[in-house]
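> Can you read through this structure? Questions will come right after.
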Amino acid sequence: MTALIVCSGSIKDYSHYEKYFKWAKAVICVDGGAKYLRKFGIVPDVLIGDLDSISDEDLDYLVSMNVKIMKYPIQKDMTDTEIAVDYAVDNGFKEIVIIGGIGTRLDHTLANILLVKKLLDKGVKCTLVNENNELTLINDRVEIEKEKDVKVTLLPLTDVVEGITTKGLYYELNCEDIVMGSSRGVSNEFSDDIAEVSVKKGILIVIKSKD
Numbered sequence: 005m006t007a008l009i010v011c012s013g014s015i016k017d018y019s020h021y022e023k024y025f026k027w028a029k030a031v032i033c034v035d036g037g038a039k040y041l042r043k044f045g046i047v048p049d050v051l052i053g054d055l056d057s058i059s060d061e062d063l064d065y066l067v068s069m070n071v072k073i074m075k076y077p078i079q080k081d082m083t084d085t086e087i088a089v090d091y092a093v094d095n096g097f098k099e100i101v102i103i104g105g106i107g108t109r110l111d112h113t114l115a116n117i118l119l120v121k122k123l124l125d126k127g128v129k130c131t132l133v134n135e136n137n138e139l140t141l142i143n144d145r146v147e148i149e150k151e152k153d154v155k156v157t158l159l160p161l162t163d164v165v166e167g168i169t170t171k172g173l174y175y176e177l178n179c180e181d182i183v184m185g186s187s188r189g190v191s192n193e194f195s196d197d198i199a200e201v202s203v204k205k206g207i208l209i210v211i212k213s214k215d
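See the structure below:
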């Protein structure tokens, strides 16, 4: 089951996210992400957060639609997004997509990337998505579908990622290691319709990106 978490970062083109709304078995709204759902005419299953960034109009809309609201204090030890992620895991979701989790606040963006790591440790697949990027983490293997004008970047999240092997990418790796801080895996290109990336040890950031 897939849960879609909608945060308040940048979301511009609904058509880019439409497939995720169709896949999702639950839509979890994080605070100010309500402005996008109201604009798109989508009613979430639950609203989570301290409600410090949601407008009165958006809140009234969700209340009128009988959306479950889980309000938390502003002073707390985790972000609204982490609370939403924990909620999804507690409700049995094994795959999570986060949209609006990449925005102008670098601290929040990095925190959300590290949430993907937290989920990986729990055996839950998580993907961060915006109009230009799709980010996930692997500690085993992943298949990546080719898209027009999209490049693939591989970055270590651990001190070293060992035994990286790629297929279907122009610059291939054959059971090679990449250390954290190396830019060797940046901006690779597809050489086949499906690419495969596998690792033997460590955690690898896998990013599909386009300008």
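For the sequence shown, my numbering gives the first residue as 5, with consecutive numbering after it. C-beta atoms are modelled at their ideal positions from N, C-alpha and C, and glycine is treated no differently.
Closest by CA to E151, which one among C11, H20, K16 and A7?
Nearest option by C-alpha distance: H20.
> Starting from the C-beta of S68, find all residues in its chain whose C-beta is less than 6 Å away, skip the five residues before and the five after it, and write them out in chain order.
Result list for S68: empty, nothing under 6 Å.
> Would you mind working out which of S213, L173 and D163 sits nearest G206, comparing C-alpha positions?
For the residues S213, L173 and D163, the minimum Cα distance to G206 belongs to D163.
> To the nearest angstrom, how far is it from the Cα of I209 to the Cα of T140?
Using only the alpha carbons, I get a separation of about 6 Å.
> Check each candidate in G127, A28, E149 and E86 and name the one with the smallest Cα separation from D197.
Of G127, A28, E149 and E86, the residue nearest in Cα terms is E149.
> Across which residues does DSSP place T85 in a beta bridge pair?
The partner list for T85 (beta bridge, DSSP) is empty, contrary to what the question assumes.
> My assumption, with CB atoms under 8 Å, is that A28 sits in contact with A7. Please give the rounded CB distance.
About 6 Å; that satisfies the 8 Å criterion.
> Are the beta-carbon atoms belonging to V146 and E200 less than 9 Å from one another?
For V146 and E200, yes; Cβs fall inside 9 Å.
> Starting from A7, follow its DSSP beta bridges and name the residues at the other end.
For A7, which the question treats as bridged, DSSP gives the partners A30 and I100.
> Once DSSP output is grouped into helix, strand and coil, what is the label at R109?
DSSP places R109 in coil when its eight states are reduced to three.
> Thinking just about the alpha-carbon of each residue, which of V71, D17, I46 and F25 is nearest to the one in I52?
The shortest Cα separation from I52 among V71, D17, I46 and F25 belongs to V71.
> Cα separation between Y174 and L124?
If you take the alpha carbons of Y174 and L124, they lie about 27 Å apart.
> Would you call the CB atoms of T157 and S213 closer than 9 Å?
Yes, they are a contact pair.
> What does the alpha-carbon distance come out to for the pair I32 and N143?
Going from the Cα of I32 to the Cα of N143 covers about 27 Å.
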